[in-house]
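What follows is one structure encoded as structure tokens, with my remarks underneath.
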Ligand SMILES: NC(=O)c1ccc[n+]([C@@H]2O[C@H](COP(=O)([O-])OP(=O)(O)OC[C@H]3O[C@@H](n4cnc5c(N)ncnc54)[C@H](OP(=O)(O)O)[C@@H]3O)[C@@H](O)[C@H]2O)c1
């Protein structure tokens, strides 16, 4: 009862498949060999029937004995059989061909995913070094070549079709979303494009505004910082471990390479818009939190607060 368990040889699925295919191949070759022998004997019989026994002696096609055509026809079938076995490999059947094709496609897809990941990593490094080099050459003296930022967070409200704005304004009003925006960004640096800044009636209280613009002499109220690139904006938040990128479309697009977190309010509706949030690539971003809010008297649309972390 407690004796040693008998060892049974383990063959994995692929090995079994290989053995089965090898057996099929042997059977197929055997059949071809039998076909060849039967052909030789058959051809001999046809010749004997006609020449020795005189069977159908008077029946001719194009002045040629009928058995010549019969043998040629048969030879053609034999050659076709040989061609299938050795050239097109049809002997494995449609299922085998499909399985092999599926395997090949899966392998290619795996390879594409790997290349994609490698490419995105490289792209991020390139963008960072390019951006930081710009900062380095523009800021004197430069203390850091990389920002100390710990959690650079994109905060955005986007519709199902990724719409975020129209005519330099927001499209919807969702009071709980505004409350969440205020709570999260309170006391932090908020980075924004010049157009988003201009969409505010006045700067938001208790936040450090960093406005990105290419204009050299862009006028802003006291306390608002202007910079001329996203990298400089990140650099300007050095003292803050949790700065927020608050939009708009142009800045979000560039910030997707730098951010570690996305705080998304997904508005469950599609809108006509002129500004959109980039598609969130789930091979790069992992959803870590999702909280649904149905529509009610204060909220015209249902929405979800979703947090994504960089993988
Ligand atoms: N739903 C949301 O959560 C949300 C959040 C924020 C904004 N929005 C909406 O988004 C829309 C505004 O977005 P937008 O894409 O039109 O504009 P934006 O991103 O706010 O600002 C674009 C401006 O930023 C500056 N800029 C961009 N990239 C730069 C770079 N690499 N270096 C230097 N300056 C740079 C340029 O300013 P200059 O032209 O001055 O050089 C550019 O015109 C509005 O409709 C707003 O309501 C929606």
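Numbering (our numbering), first residue to last: 1120 to 1430. We treat Cβ as the ideally placed atom computed from N, Cα and C, and that holds for glycine.
- Count the CB pairs spanning the region 1346-1358 and the region 1304-1320 that are closer than 8 Å, and state whether there are at least three. The answer is yes - the region 1304-1320 touches the region 1346-1358, with three or more Cβ pairs under 8 Å.
- Item | Rounded separation between residue 1365 and residue 1315 - CA only | As a first step, residue 1365 must be located in the chain shown, where it is residue number 246. As a first step, residue 1315 must be located in the chain shown, where it is residue number 196. Across the structure, residue 1365 and residue 1315 are spaced so that their CA atoms are roughly 8 Å apart.
- Message: For residue 1196, report the span of its alpha helix (DSSP H) as first-last.
- Response: Position 77 of the chain shown holds residue 1196. Where residue 1196 is concerned, the enclosing alpha helix (DSSP H) stretches over 1185-1202.
- State the CB to CB distance for the pair residue 1393 and residue 1286, rounded to an integer number of angstroms; the pair is presumed to be in contact (CB under 8 Å). Translated into positions along the chain shown, residue 1393 becomes position 274. Translated into positions along the chain shown, residue 1286 becomes position 167. So it is a contact: roughly 7 Å between Cβ atoms.
- Task: Check each candidate in 1182, 1180, 1186 and name the one with the smallest Cα separation from residue 1174.
- Result: For the purposes of this step, residue 1174 is taken as residue 55 along the chain shown, with counting starting at 1. Residue 1186 is the option with its Cα nearest to residue 1174.
- Determine the closest residue to residue 1060 out of 1405, 1404, 1388, with distance taken between C-alpha atoms. Lying before the first or after the last residue shown, residue 1060 is absent from the chain, which here runs from 1120 to 1430.
- Task: State yes or no: is the C-beta of residue 1372 within less than 9 Å of the C-beta of residue 1404?
- Result: Locating residue 1372 in the chain shown gives position 253, where the first residue counts as 1. Locating residue 1404 in the chain shown gives position 285, where the first residue counts as 1. No, Cβ-Cβ distance for residue 1372 and residue 1404 is not below 9 Å.
- Task: Compute the minimum distance between the beta carbon of residue 1285 and the heavy atoms of ligand 1, and state whether it is under 8 Å.
- Result: On the chain shown, position 166 is the one that residue 1285 refers to. The answer is yes for residue 1285.
- Message: To the nearest angstrom, how far is the alpha carbon of residue 1260 from that of residue 1377?
- Response: Looking up residue 1260 in the chain shown gives position 141. Looking up residue 1377 in the chain shown gives position 258. The predicted position of residue 1260 is uncertain, since its pLDDT is 38 and thus under 50; a value taken from the coordinates is nonetheless stated next. Cα to Cα, the separation comes out at about 23 Å.
- From residue 1273 to residue 1217, what does the alpha carbon distance come to, in whole angstroms? Residue mapping note: residue 1273 aligns to position 154 of the chain shown, counting from 1. Residue mapping note: residue 1217 aligns to position 98 of the chain shown, counting from 1. Approximately 45 Å, taken between the alpha carbons.
- Message: Does the structure place the region 1166-1180 close enough to the region 1133-1147 that three or more beta carbon pairs sit under 8 Å?
- Response: Because the criterion of three Cβ pairs below 8 Å is not met, the region 1133-1147 and the region 1166-1180 do not touch.
- Query: Sorry if obvious, but does the Cβ on residue 1288 come closer than 8 Å to a heavy atom of ligand 1?
  - Reply: Counting from 1 along the chain shown, the entry for residue 1288 is found at position 169. When distances are taken from the beta-carbon of residue 1288 to the heavy atoms of ligand 1, the shortest one is below 8 Å.
- Apply the 10 Å Cβ neighbour rule to residue 1232 and answer buried if 16 or more other Cβ atoms are within range, or exposed otherwise. Taking the first residue of the chain shown as position 1, residue 1232 is located at position 113. Flag for residue 1232 reads exposed.
- Query: Is any heavy atom of ligand 1 found at a distance shorter than 8 Å from the C-beta of residue 1294?
  - Reply: Locating residue 1294 in the chain shown gives position 175, counting from the first residue. For residue 1294, the distance from the CB to the nearest heavy atom of ligand 1 is not below 8 Å.
- Message: Tell me which residues share the same chain as residue 1412 and place their Cβ nearer than 8 Å to its Cβ, disregarding the 5 neighbours each side in the sequence.
- Response: Locating residue 1412 in the chain shown gives position 293, counting from the first residue. Within the same chain, Cβ atoms closer than 8 Å to the Cβ of residue 1412 are found at 1295, 1418, 1421, 1422, 1423, 1424, the five residues on either side in sequence being excluded.
- 7 Å CB neighbourhood of residue 1409 in its chain, flanking five on each side removed: Residue numbering aside, residue 1409 sits at position 290 when the chain shown is read from its first letter. Within the same chain, and ignoring the five residues on either side of residue 1409 in sequence, the residues whose Cβ sits closer than 7 Å to its Cβ are 1423, 1425.
- Query: Just the Cα atoms here: how many angstroms apart are residue 1222 and residue 1230?
  - Reply: Stepping through the chain shown from its first residue, residue 1222 is reached at position 103. Stepping through the chain shown from its first residue, residue 1230 is reached at position 111. If I take the Cα positions, the gap works out to 12 Å.
- Task: Closer than 8 Å by C-beta to residue 1321: which residues in its own chain qualify, once you throw out the five before and the five after it? Chain order, please.
- Result: Along the chain shown, read from residue 1 onward, the residue named residue 1321 stands at position 202. Within the same chain, residue 1321 has close Cβ partners 1340.
- Residue nearest to residue 1368 in terms of C-alpha spacing, selected from 1298, 1400, 1297, 1289: The sequence position of residue 1368 within the chain shown is 249, counting from 1. Ranked by Cα distance from residue 1368, the first of 1298, 1400, 1297, 1289 is 1289.
- Integer Cβ distance of residue 1189 from residue 1163, believed to fall under 8 Å: Locating residue 1189 in the chain shown gives position 70, where the first residue counts as 1. Locating residue 1163 in the chain shown gives position 44, where the first residue counts as 1. Between residue 1189 and residue 1163, the beta carbon gap of about 12 Å keeps them out of contact (Cβ cut-off 8 Å).
- Task: Compute the Euclidean distance between the alpha carbons of residue 1142 and residue 1148, then round it to the nearest angstrom.
- Result: Here residue 1142 refers to the residue found at position 23 when the chain shown is read from its first residue. Here residue 1148 refers to the residue found at position 29 when the chain shown is read from its first residue. Residue 1142 and residue 1148 have their C-alpha atoms spaced approximately 10 Å apart.
- Cα separation between residue 1450 and residue 1193? Any property of residue 1450 remains undetermined from this structure, which presents the chain solely from 1120 to 1430.
- Residue environment, residue 1385, which counts as buried when at least 16 other CB atoms sit within 10 Å: Counted from its first residue, the chain shown places residue 1385 at position 266. When all chains shown are included, residue 1385 counts as buried.
- Going by the CB atoms, is the gap between residue 1363 and residue 1407 shorter than 9 Å? Counting from one through the chain shown, the residue named residue 1407 turns up at place 288. Counting from one through the chain shown, the residue named residue 1363 turns up at place 244. Going by C-beta atoms, residue 1407 is not nearer than 9 Å to residue 1363.
- Query: How many Å lie between residue 1144 and residue 1374 at the Cα?
  - Reply: Walking along the chain shown from the start, residue 1144 turns up at place 25. Walking along the chain shown from the start, residue 1374 turns up at place 255. Spanning the two alpha carbons is a distance of roughly 57 Å.
- Message: Quick check on residue 1167: does DSSP put it in helix, strand or coil?
- Response: In the chain shown, residue 1167 corresponds to position 48, counting from 1. It is helical.
- Item | Runs of alpha helix (DSSP H) wholly within the region 1326-1409 (minimum 4 residues, chain order) | Residue ranges of uninterrupted alpha helix (DSSP H) with 4 or more members, entirely inside the region 1326-1409 and ordered along the chain, are 1349-1355, 1368-1374.
- Kindly indicate which three-state DSSP category residue 1318 falls into: helix, strand or coil? Counting from 1 along the chain shown, the entry for residue 1318 is found at position 199. Residue 1318 falls in the coil class under three-state DSSP.
- Between the CA atoms of residue 1379 and residue 1327 - distance to the nearest angstrom: For the purposes of this step, residue 1327 is identified with residue 208 of the chain shown, where counting begins at 1. For the purposes of this step, residue 1379 is identified with residue 260 of the chain shown, where counting begins at 1. Just so you know, the alpha carbons of residue 1327 and residue 1379 end up roughly 20 Å apart.
- Could you check where the alpha helix (DSSP H) with residue 1298 kicks off and where it finishes? Sequence index remark: in the chain shown, residue 1298 carries index 179 (1-based). Counting along the chain, the alpha helix (DSSP H) containing residue 1298 begins and ends at 1294-1304.
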